[in-house]
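Chemist:
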Amino acid sequence: MKYRGFRTTFVLLVAVLLLLPGITQAQSQRQRVPDFTLMSNQGKAISLSDYAGKVVLLNFWATWCPYCLEELPELQKLHDELMETGEAVLLLLDQVDGEYETPAVGNAFLEENGFDLVNLYDYGAVSNGIFGVPGYPTTVVIDKEGYLSGFWFGPITYEQAKGLIEEAN
Numbered sequence: 075m076k077y078r079g080f081r082t083t084f085v086l087l088v089a090v091l092l093l094l095p096g097i098t099q100a101q102s103q104r105q106r107v108p109d110f111t112l113m114s115n116q117g118k119a120i121s122l123s124d125y126a127g128k129v130v131l132l133n134f135w136a137t138w139c140p141y142c143l144e145e146l147p148e149l150q151k152l153h154d155e156l157m158e159t160g161e162a163v164l165l166l167l168d169q170v171d172g173e174y175e176t177p178a179v180g181n182a183f184l185e186e187n188g189f190d191l192v193n194l195y196d197y198g199a200v201s202n203g204i205f206g207v208p209g210y211p212t213t214v215v216i217d218k219e220g221y222l223s224g225f226w227f228g229p230i231t232y233e234q235a236k237g238l239i240e241e242a243n
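When you line the sequence shown up against this note's numbering, it's residues 75 to 243, in that order.
1. So, with DSSP's three-state summary, where would you put SER121?
2. Based on Cα-Cα distance, which residue from THR231, GLU144 and ASP196 lies nearest to ALA119?
3. Select from GLN234, TYR221, GLU233 and PRO229 the residue whose C-alpha is nearest the C-alpha of SER123.
4. Between which two residues does the beta strand (DSSP E) holding ASP154 run?
5. Taking the beta strand (DSSP E) that PHE183 falls in, what are its first and last residues?
6. Work out the CA separation of LEU194 and VAL163 for me, nearest whole Å.
7. Tell me which same chain residues have a C-beta within less than 7 Å of the C-beta of LEU156, skipping the five on either side of it?
8. Measuring straight from C-alpha to C-alpha, what distance separates GLU186 and LYS151?
9. In this structure, how does DSSP classify ALA242 when only helix, strand and coil are distinguished?
10. Can the beta-carbon of VAL214 be found closer than 7 Å to that of LEU132?
11. Measuring straight from C-alpha to C-alpha, what distance separates CYS139 and LEU191?
Pasting the structure below:
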């Protein structure tokens, strides 16, 4: 009987030791998002690090993208709620190309349509350089520790965005 108890304990210990490298490897594969700074429609330089300790949703968009425009009311609803709860931060990243999309074009669109969202001007350094965004719209979620938590390609609804926030918490 003693031998059976020892054998069971030994097998469990070996199983745990075999699983530890996988757990460590999974944790080491988490991708920390590098800090970046972009100018906003409020005339301020905003850095990702300004929101350390908060879940951050970055929504990559452009005025020439019909799917982006389709999701803006959902994002406004989410933004309004997040402003009250402080649960997370939502930032738009306008994909400025200098020809079709300029800061003035993005700002005018948001103002004319009654959207009160923080709009950052991304000339590709964040969308392409950091995240490799495949197209627009794309929403990226960063957890409280600064790691990539979620990546959503295509239009996102309020409920889907809330789900990504919950997963990041």
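We treat Cβ as the ideally placed atom computed from N, Cα and C, and that holds for glycine. No experiment lies behind these values; they were computed from the predicted model shown.
Modeler: So, to answer that:
1. Strand at SER121.
2. Of THR231, GLU144 and ASP196, the smallest CA-CA separation from ALA119 is found for ASP196.
3. Nearest neighbour of SER123 by Cα position, chosen from GLN234, TYR221, GLU233 and PRO229, turns out to be TYR221.
4. Taken as a continuous stretch (DSSP letters only), ASP154 belongs to no beta strand (DSSP E), being part of the alpha helix (DSSP H) at 140 to 159.
5. Where PHE183 is concerned, there is no enclosing beta strand (DSSP E), although the alpha helix (DSSP H) it sits in stretches over 177 to 186.
6. Take the alpha-carbon of VAL163 and the one of LEU194: they are about 13 Å apart.
7. ALA162, VAL163 and LEU164.
8. The alpha-carbon separation between GLU186 and LYS151 amounts to approximately 17 Å.
9. Here ALA242 sits in helix by DSSP.
10. The Cβ atoms of VAL214 and LEU132 sit closer than 7 Å to each other.
11. One C-alpha to the other measures close to 17 Å.
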